[in-house]
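Contents: one structure, followed by commentary.
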Amino acid sequence: MTVTATPAAIEVSHVTKIYRRYTARRQFATLKSALLSGTMLRDLNPDETFPALSDVSFSVPAGATYGVIGRNGSGKSTALKVVAGITKPTAGTVRVHGRISALIELGAGFHPEISGRENVFINGIMLGLSKREVARRFDEIVEFAELRDFIDAPVKTYSSGMYMRLGFAVAIHVDPDVLLIDEVLAVGDEGFTHKCLDKFADFRRRGKTILLVTHSLNLVERFCDEALWLDGGRAKLSGDPRRVVGAYITAVERGEAQSLATENARAREAADAASTAAPVPDAPSPASGAGSPAPDDGFRASAGRWGSREIEIAEVRLIGEDGAPSHLFHTGERVTVDLAVRATVPVDDFAFGIALFNADGICCFGTNTALEQFVSDRFDGSGRVSFVIESLDLTEGTYKLDVAVHRRDGYPYDYHRLLYTFRVRSRTKDVGIYRPRHRWDFSPEIRIRPATG
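In this note's numbering, the protein residues as written are -13 to 439.
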């Protein structure tokens, strides 16, 4: 028996797209002189051009949903515009089989001075429909865009959301064979977004081909049959969406961790350079003992370092479950705050403290060894202190860490204020700060189940 392969609806083969950088080093007096010279690209120096795409190849089978992911500037939108025919590749070939509708620059053909009704007809004809076909679908387009009361008003009176919704509705009702989508799910409120997703699902059921460019990784995992990761204009990985998204997230997190490490090192260097040996701050430690309560504005001090330095915090590391230092963690992971400390003189009155703050400066948690009834005895020389958080039950976001060593009455030996930034990632997009361990229970009458995978 012969097995027939599914034909490709989109074929992109070794496509390179080069753009010219805008510089003042070379300019043509007129368009005519530029064209007559015939050397616009050849004569440019290497730093005057940049490749938006470099030798990119992929194929989308008919009826498949294909996702393209990557950072800003990775070439995603350029790839979509090349497929749509909006721009031509510098090298390589692109073949698309069937009628295309591109949700890229919604309403790009709208004229602001005429009504929405007239623009629907003009835009629909531009997208390949006949006037009769537009008339047949007109009511459905207007209903989908939720613009029944405004369709005869000039488009210039529309809000940006109304404008984009109408453009989306026209493009989606062309009934194309190939649908190209570029981050257009922000065209309305949550209810409209669900309508868009339902329309995409309907397209899939009817065997349409969808090429989706998005930053929504959950959308790629949920809808796409295959995915492509572009990085710096090059194809980094393609195939199973979960595998591609997982690799992309790992790379992004690695880059974030490196960036945060650099940021923290600079903050520590600046604080060290600005700190002095002896002054005591007006506001005692956020984790100070009961004998020296913090004032109402105790958490408003700016980033810095202060203290008398009888005991110094020489190094601060955040360590993940794998035992390696990091600045990026996932909700629920074990995290250790590891301090290297040294006493310049023997000290018998001391307490170690930490405090966690979110990006808005709100204290999420603070404690110290005095509050937790540890009784100091003696410290001399060098040592290490580890504060182990068995489960980092914070929601996704950016957080700051204060660390301190002080007397039990709050007098600071060494206080590091907002010098250490770390980030928490989560595939569940909760709100707030704290994510408690929990479960959901349902009676048998309520049929509901968690998402697969």
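The beta carbon of each residue, even a glycine, is placed where N, CA and C say it ideally should be.
Check                                                                                                             : Outcome
Under the three-state DSSP convention, the category Thr179 falls into                                             : helix
Exposure of Met112, with buried meaning 16 or more beta-carbon neighbours within 10 Å                             : exposed
Alpha-carbon to alpha-carbon, Glu296 and Ala269                                                                   : Residue confidence is low: Ala269 scores 45 on pLDDT, short of 50, so the model does not pin down where it sits. No coordinate-derived value is stated.
Thr200 classed as buried or exposed, judged by whether at least 16 other C-beta atoms fall within 10 angstroms    : buried
Buried or exposed (CB count within 10 angstroms, at least 16 for buried), Lys62                                   : buried
Glu358 versus Phe336: straight-line alpha-carbon distance, rounded                                                : 13 Å
Residue range of the alpha helix (DSSP H) that includes Thr248                                                    : Pro227 to Ala260
Unbroken beta strand (DSSP E) run spanning Ser40, endpoints                                                       : Thr35 to Pro47
Nearest neighbour of Gly153, chosen from Thr355, Val106, Arg409 and Phe189 [CA to CA]                             : Val106
Contact under 7 Å by Cβ, Ile127 with His159                                                                       : yes
Beta strand (DSSP E) segment containing Asp324, residue limits                                                    : Val321 to Val333
Nearest-angstrom beta carbon gap, Val1 and Pro75 [assumed within contact, 8 Å]                                    : 5 Å
Endpoints, the beta strand (DSSP E) within which Glu212 is located                                                : Glu212 to Asp217
Contact check, His313 vs Arg411, beta carbons under 7 Å                                                           : no
Cβ neighbour criterion (16 or more within 10 Å) applied to Pro279                                                 : Low confidence applies to Pro279: its pLDDT is 36, below 50, so where it sits in the model is not reliable, and the reading given next is rough at best. Exposed is the call here.
Sequence-distant residues of its chain with Cβ nearer than 8 Å to Thr407 (five each side left out)                : Leu246, Glu249, Asn250, Ala253, His313, Thr384, Tyr385, Lys386 and Leu387
Cβ-based neighbour list, Ile419, same chain, cut-off 8 Å, excluding 5 preceding and 5 following                   : Asn344, Ile348, Cys350, Leu380, Thr381 and Gly383
Exposure of Asp346, with buried meaning 16 or more beta-carbon neighbours within 10 Å                             : exposed
Inside the segment 86 to 117 only - beta strand (DSSP E) runs reaching at least 3 residues                        : 86 to 89
Runs of beta strand (DSSP E) lying entirely within the segment 45 to 78, each at least 3 residues, in chain order : 51 to 55
Bridge partners - Thr195, DSSP secondary structure assignment                                                     : Val164
Per DSSP, the bridge partner or partners of Ala337                                                                : His392
Identified DSSP bridge partners for Thr353                                                                        : Ile340
Nearest to Val54 (by Cα), restricted to the options Gly84, Tyr234, Ser116 and Arg81                               : Tyr234
Rounded distance between the beta-carbons of Gly225 and Glu212, thought under 8 Å                                 : 6 Å
Beta-carbon spacing of Ile305, Thr322 below 7 Å                                                                   : yes
Test item: CB-CB of Arg291 and Ala326 under 7 Å                                                                   : no
Asp400 beta carbon less than 7 Å from that of Arg364                                                              : no
Reduced DSSP category for Ile4 - H, G, I as helix; E, B as strand; rest coil                                      : strand
Pair within 7 Å by beta-carbon distance, Pro37 and Ile90                                                          : no
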